[in-house]
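So the protein lines, in turn, are chains A and B. Position 375, counted from 1, in the first sequence is what my numbering calls 375; the numbers after and before it change by one each time, with no gaps. Position 34, counted from 1, in the second sequence is what my numbering calls 34; the numbers after and before it change by one each time, with no gaps.
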Amino acid sequence: MLNTNIIKQDFKILSKQINGRDLVYLDNAATSQKPNIVIEGISRYYNEINANVHRGIHQLSEQATDEYESTRKTVSQFIGATYPKEVIFTSGTTESLNLVAFGWAMHNLKKGDVILTTNLEHHSNFVPWQIVAGTTGATLQTVALDPYSSEHYLQSIKEKITDRVKIVAITHASNVTGAIIPVKAIAKLTKSIGAILVVDGAQAIPHLEVNVKRLDCDFYAFSAHKILGPTGVGVLWGRPELLEDTAPIKYGGGMINEVTEHTTTWADLPEKLEAGTPNIAGVVGFSEALKYIKTIGMNIIREHEVLLNDYALKRLVKIDGLTIIGPPSAEERTGVISFIIDGIHPHDLASVLNSEGVAVRSGHHCNMPLHTELNIPASTRASFYLYNNHDDVDRLIDGILKAISILK
Amino acid sequence: MQDIYREQLMEHYKNPQNKGMIDDPTLQTDKKNPMCGDMISLQVKIDDGKIKDIKFNANACAVTVASASILTEEVIGKTIDEVKSFTKERLLDLLGVELTTSRIKCAVLALEALQEMLEGFSDPSVQEY
């Protein structure tokens with residue numbers, strides 16, 4: 001396992017006290033903490049480089065542009081893309097998925113077409129498709145994947161595949177159950193019928209080695225802030241021919257080729273899809289985050305998380321009245337464990353845990369349809385990352401036991 | 001613990017007052033807390049411009065249930081105008097615990113539901129001039 005005592009030192013916030021206790025941060029599926037080098041990178045950018053990109057020929061502007069564009073290259077290598085121009089910077093996964101929905105799907109779908117998605121989607125990979133379907137006359141179909149086992153995911157999707165399916169929009173890993181979806185196998189299915197595979201990678205990119213070429217998907221969306229980077233930066237990767245066919249959803253500066261009084265032509269990729277001044281400092285910070293991840297190694301992070309997950313699952317199942325939502329084994333999951341406890345509302349549990357310095361998430365985690373299906377209003381979610389360790393899990397368990405003693 | 005789960009709150013959570021249904025309510029409503037999906041159902045019986053009876057049902061957290069229990073106890077016998085001007089601050093005072101911003105939403109769910117339900121209601125038994 002990773003030496004978390006050393007890793008924790010790279011994150012200033014992790015030495016913080018909450019309610020008189022050392023912070024145990026287990027809300028990583030919502031956002032990860034940022035290592036000092038990311039914060040220093042942002043600070044260095046503002047102190048030494050700050051200028052707008054693609055605008056000036058003065059030295060600072062050139063430097064800002066170089067850093068911004070070299071991050072595009074870093075990202076494209078990180079996810080195994082062929083060219084940096086396949087990487088579009090956005091404000092986050094939500095904007096990335098909206099760009100596919102409203103820039104591509106809106107112009108390419110018609111009445112009778114089917115958009116296939118699942119019950120495990122975050123609202124950001126669900127609501128845009130509802131709107132696209134409503135506007136184009138396409139039908140949105142939701143595949144009911146088993147929340148408690150990942151065994152039959154491929155089969156469940158296969159059963160819904162027809163030649164009317166034009167888009168499959170699916171998460172790479174559920175933010176509620178943690179289940180990892182067999183995206184590569186699904187890509188073979190979509191390819192065989194000429195459909196487009198849109199992958200929400202928000203929960204996968206921090207935990208799994210992602211290679212878009214090997215996955216053979218068509219679009220892949222994710223956020224920087226879940227993989228140690230700053231908030232306000234996201235990525236949409238797309239096949240170049242599909243990005244060429246994607247219309248801008250934001251218009252203005254930086255995305256034009258020529259503007260006359262009545263007409264405008266667009267700039268080439270990637271600028272066409274990046275109107276306005278981007279989050280340059282955030283992108284620079286993101287570059288530092290990816291360097292940090294690469295230094296440790298994604299496979300090492302994954303190994304650490306599986307062991308930690310396994311330990312947590314084994315301890316949690318022993319608690320009376322506790323039900324884990326999601327597949328039983330750590331290997332089938334990213335670092336996410338959601339659960340409910342008989343007779344204890346997730347809000348109350350999260351409040352007691354907070355009083356013990358343990359940060360978890362309670363609520364529907366932006367998937368209301370799944371919670372409705374499970375007939376629960378909310379659940380509690382603990383989610384791990386590379387800096388968490390066995391002690392953190394023990395503090396979680398102690399907090400849960402305390403909550404049970406208070407609330408039951 | 002700078003404990004929100006103090007005795008009074010837990011007492012109202014474990015033994016909530018006015019939980020249940022009214023047979024012939026004057027008004028009823030359901031309200032959801034969009035943050036967590038918790039729902040509260042409220043029913044009131046209004047007579048002579050006053051809250052004669054009020055009942056609630058909630059599949060919700062301790063803060064929501066306790067505040068609904070305290071609120072319903074408080075408003076019985078009050079006029080509609082008095083209920084409409086009942087402030088969130090007053091309810092939070094009655095709860096008597098320090099809450100964070102997100103938990104305040106739980107604490108005022110019942111009050112918001114009640115006030116929205118009464119919005120625009122005019123009691124036919126009260127002659128207005």
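Heads up, the beta-carbon is just placed ideally off N, CA and C, and yes, glycines get one too.
My output table needs one value for residue i: the three-state DSSP class, helix, strand or coil.
i, result
"Ile325/A", "strand"
"Tyr412/A", "This structure leaves residue 412/A out entirely; chain A is present only between 1 and 408."
"Thr71/A", "helix"
"Gln17/A", "strand"
"Ile249/A", "coil"
"Gln141/A", "strand"
"Ser102/B", "helix"
"Gly285/A", "helix"
"Ala359/A", "strand"
"Arg44/A", "helix"
"Asn299/A", "helix"
"Ser85/B", "coil"
"Ile76/B", "coil"
"Gly56/A", "coil"
"Phe121/B", "coil"
"Gly399/A", "helix"
"Phe11/A", "coil"
"Ile79/A", "coil"
"Ile337/A", "strand"
"Met1/B", "The pLDDT assigned to Met1/B is 45, lower than 50, so where the model puts this residue is not dependable, and the model offers no usable value."
"Val413/A", "Lying outside 1 to 408, the shown extent of chain A, residue 413/A is not represented and no answer is given."
"Ile319/A", "coil"
Note down the Cα distance separating residue i from residue j, rounded to an integer number of angstroms.
i, j, result
"Met1/B", "Met10/B", "Residue placement at Met1/B cannot be trusted, given a pLDDT of 45 that sits under 50; the coordinates are not used to answer."
"Gly120/B", "Ile341/A", "41 Å"
"Ala29/A", "Ser379/A", "14 Å"
"Tyr46/A", "Asn309/A", "38 Å"
"Tyr148/A", "Asn389/A", "25 Å"
"Asp348/A", "Gly399/A", "12 Å"
"Lys408/A", "Arg21/A", "24 Å"
"Leu401/A", "Leu353/A", "10 Å"
"Tyr5/B", "Asn19/A", "15 Å"
"Glu209/A", "Leu215/A", "11 Å"
"Gly326/A", "Thr372/A", "15 Å"
"Gly285/A", "Tyr385/A", "19 Å"
"Cys36/B", "Asp66/A", "44 Å"
"Cys366/A", "His262/A", "42 Å"
"Ser124/A", "Asp23/B", "42 Å"
"Phe11/A", "Ile205/A", "20 Å"
Quick one, which of the options has its alpha-carbon nearest residue i's?
i, options, result
"Thr82/A", "His225/A, Ser329/A and Asn211/A", "Asn211/A"
"Ser67/B", "Leu114/B, Val108/B, Glu112/B and Asn15/B", "Val108/B"
"Ala64/A", "Met368/A, Val53/A and Asn175/A", "Val53/A"
"Asn15/B", "Ile70/B, Asp30/B and Lys78/B", "Ile70/B"
"Gly49/B", "Thr79/B, Leu118/B, Gly37/B and Ala113/B", "Thr79/B"
"Phe86/B", "Ile40/B, Ala113/B and Glu98/B", "Ala113/B"
"Lys85/A", "Tyr311/A, Thr323/A, Val336/A and Glu244/A", "Glu244/A"
"Leu91/B", "Glu7/B, Lys45/B, Leu27/B and Leu111/B", "Leu111/B"
"Ser287/A", "Pro328/A, Gly234/A and Asn257/A", "Gly234/A"
"Pro248/A", "Lys12/A, Thr4/A, Leu23/A and Trp104/A", "Trp104/A"
"Glu271/A", "Gly201/A, Ile88/A, Lys110/A and Glu67/A", "Ile88/A"
"Leu273/A", "Asn299/A, Trp237/A, Ala289/A and Arg315/A", "Trp237/A"
"Ile42/A", "Ala350/A, Asn279/A, Lys314/A and Ile293/A", "Asn279/A"
"Ala62/B", "Asp47/B, Asp81/B, Leu95/B and Ile54/B", "Leu95/B"
"Leu370/A", "Leu145/A, Gly201/A and Val38/A", "Leu145/A"
"Pro377/A", "Asn33/B, Asn18/B and Thr72/B", "Asn33/B"
"Gln141/A", "Val100/A, Arg44/A and Leu116/A", "Leu116/A"
"Gly282/A", "Asn5/A, Tyr220/A and Lys34/A", "Lys34/A"
"Ser102/B", "Ser383/A, Ile157/A and Arg361/A", "Arg361/A"
"Pro346/A", "Ala403/A, Arg333/A and Met1/A", "Ala403/A"
"Leu307/A", "Ser329/A, Gly363/A and Leu290/A", "Ser329/A"
With 8 Å set as the bound, which would you pick, yes or no: does the beta-carbon of residue i sit closer than that to a beta-carbon of chain D?
i, result
"Ala107/B", "The question asks about chain D, but that chain is absent: this structure's protein chains are A and B."
task: Could you list the residues in the region 354-387 of chain A with a C-beta less than 9 Å from some C-beta on chain B, going in chain order?
output: Those would be Asn354, Ser355, Glu356, Ser362, Gly363, His364, Met368, His371, Thr372, Ile376, Pro377 and Ala378, in chain order.
message: Runs of 3 residues minimum, wholly inside the region 8-66 of chain B: which ones carry the beta strand (DSSP E) assignment?
response: Unbroken beta strand (DSSP E) stretches of 3 residues or longer found wholly inside the region 8-66 of chain B: 27-32, 39-47 and 50-59, given in chain order.
- request: Any chance you could list the alpha helix (DSSP H) runs of at least 4 consecutive residues sitting entirely within the region 165-206 of chain A, in chain order?
  value: Entirely contained in the region 165-206 of chain A, the alpha helix (DSSP H) runs reaching 4 residues are, in chain order, 183-193.
message: Taking beta-carbon pairs under 8 Å, can you tell me which members of the region 321-352 of chain A lie near chain B?
response: For the region 321-352 of chain A, which is checked against every Cβ of chain B, the residues closer than 8 Å are His345, Pro346, His347, Asp348, Ser351 and Val352.
message: Output needed in chain order: residues of the region 33-50 of chain B with a Cβ under 8 Å from some Cβ in chain A.
response: Those residues of the region 33-50 of chain B that come within reach of chain A (Cβ to Cβ, closer than 8 Å) are Met35, Cys36, Gly37, Asp38 and Met39.
task: Return the residues of the region 57-79 of chain A that lie within a Cβ-Cβ distance of less than 7 Å from chain B, sorted by chain order.
output: Those residues of the region 57-79 of chain A that come within reach of chain B (Cβ to Cβ, closer than 7 Å) do not exist; the list is empty.
query: According to a CB-to-CB cut-off of less than 8 Å, which residues of the region 51-63 of chain B neighbour chain A?
result: When CB distances to chain A are screened at a threshold of 8 Å, the residues of the region 51-63 of chain B falling below it are Asn59, Ala60, Cys61, Ala62 and Val63, in chain order.
field: Interfacial residues, the region 77-100 of chain B to chain A, with Cβ spacing under 7 Å
entry: Answer set for the region 77-100 of chain B: empty.
message: Ignoring anything shorter than 4 residues, give me the alpha helix (DSSP H) runs that lie fully in the region 89-134 of chain A, in order along the chain.
response: Along the length of the region 89-134 of chain A, whole alpha helix (DSSP H) runs at least 4 residues long occupy 93-99, reported in chain order.
message: Taking beta-carbon pairs under 7 Å, can you tell me which members of the region 395-407 of chain A lie near chain B?
response: Result list: Ile406 and Leu407.
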